[in-house]
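Working notes for the structure below.
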Amino acid sequence: MSKDLQMKGLAIEKQTLVVQAKAALRREIVSGRLRAGERLREMPLAETFGLSRGTLRAALSELEREGLVERRAYSGWSVTAFTSADAHELYTLRQALEGLAARLAAQAARTRPAHDLNEALARLKRACALGERSDVVEADLALHLQVIEMAGHTRLKSLYEGLSDQIRVFIATSDAGVEDESAVYEEHRRLVAAILSGNPDLAESVAHEHNAAAGEALYRRISALDDS
């Protein structure tokens, strides 16, 4: 093997390690095991994951671009501590994206089967029946991602996927959990029904209402944490 090919192989191997490290760190943040505002010390983390500090730093830099961690002068890395202003920005953007996605998904529903969307709703129903908070949250977000998928808009999907982990972190760190599982299911059943009706105006309206209600509830919870 030539020297150039050997160097390329090393680069690919390092890139794979960065991807794996980023995925592992993301799981810890999204689950709430790494809490909002928690310091992320490079040496202990590198030892925990069996990585070089350079690889760990590259993974943290990518998570910084996703908004999950932040780096400050003299204090190093930490898990992003979201504020009520962040909550407002995130949910108003999510509302706009999901409104468009619901409109496009309703148009698609006129000519395309929606097995995956129905299955996502069934998964949410099962999770709500069992009442396990983390499962309800994941099923909730999975359904919204399926609406995005059904919309068939590549750039919209890319933008939305960039928000998904931040939404999970908000839920985990603000304790904005599920208060009434039956209401959660009913809200999403209504959204899915609007999409499957093939009426774009109705689907967009229901999506806007759903996200506005969720956003306001989360904003209140985060504001309470800001004031505590």
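For what it's worth, UniProt numbering labels the leading residue of the sequence shown as 1, then goes sequentially. Heads up, the beta-carbon is just placed ideally off N, CA and C, and yes, glycines get one too.
Residue i in three-state terms, based on DSSP
i           : result
residue 39  : strand
residue 78  : strand
residue 54  : helix
residue 66  : coil
residue 215 : helix
residue 164 : helix
residue 26  : helix
residue 33  : coil
residue 112 : coil
Start-to-end residues for the alpha helix (DSSP H) that takes in residue i
i           : result
residue 99  : 84-109
residue 115 : 115-130
residue 140 : 133-151
residue 189 : 181-196
Unbroken beta strand (DSSP E) run spanning residue i, endpoints
i          : result
residue 71 : 69-72
Buried versus exposed call for residue i [16 or more other C-beta atoms within 10 Å across all chains shown]
i           : result
residue 201 : exposed
residue 74  : exposed
residue 99  : buried
residue 97  : buried
residue 48  : exposed
residue 56  : buried
residue 39  : exposed
residue 34  : buried
residue 216 : exposed
residue 220 : exposed
residue 124 : buried
Alpha carbon of residue i to alpha carbon of residue j, nearest angstrom
i           : j           : result
residue 42  : residue 20  : 16 Å
residue 62  : residue 81  : 17 Å
residue 139 : residue 112 : 23 Å
residue 30  : residue 169 : 5 Å
residue 196 : residue 153 : 18 Å
residue 32  : residue 93  : 23 Å
residue 187 : residue 51  : 44 Å
residue 222 : residue 199 : 35 Å
residue 37  : residue 208 : 31 Å
residue 6   : residue 58  : Bear in mind that a pLDDT of 42 at residue 6, under 50, signals an unreliable position, so the model cannot answer this.
residue 121 : residue 127 : 10 Å
residue 240 : residue 45  : Here the chain has residues from 1 to 228 only, and residue 240 is not among them.
residue 175 : residue 158 : Only weak support is given to the placement of residue 175: the predicted model assigns it a pLDDT of 49, under 50, and the value that follows is read from those uncertain coordinates. Roughly 27 Å between the two C-alpha positions.
residue 102 : residue 150 : 9 Å
- [ ] Assess, as a yes-or-no matter, whether the stretch 54-72 is touched by the stretch 116-125 under the definition of 3 or more beta carbon pairs within less than 8 Å.
- [x] no
Open item on the list: Using 8 Å as the cut-off, can you tell me whether the stretch 76-90 makes contact with the stretch 102-110, which would need three or more C-beta pairs spanning the two stretches below that distance?
Closed with: no
Task: Three CB pairs or more closer than 8 Å across the stretch 152-167 and the stretch 184-199 - done: no
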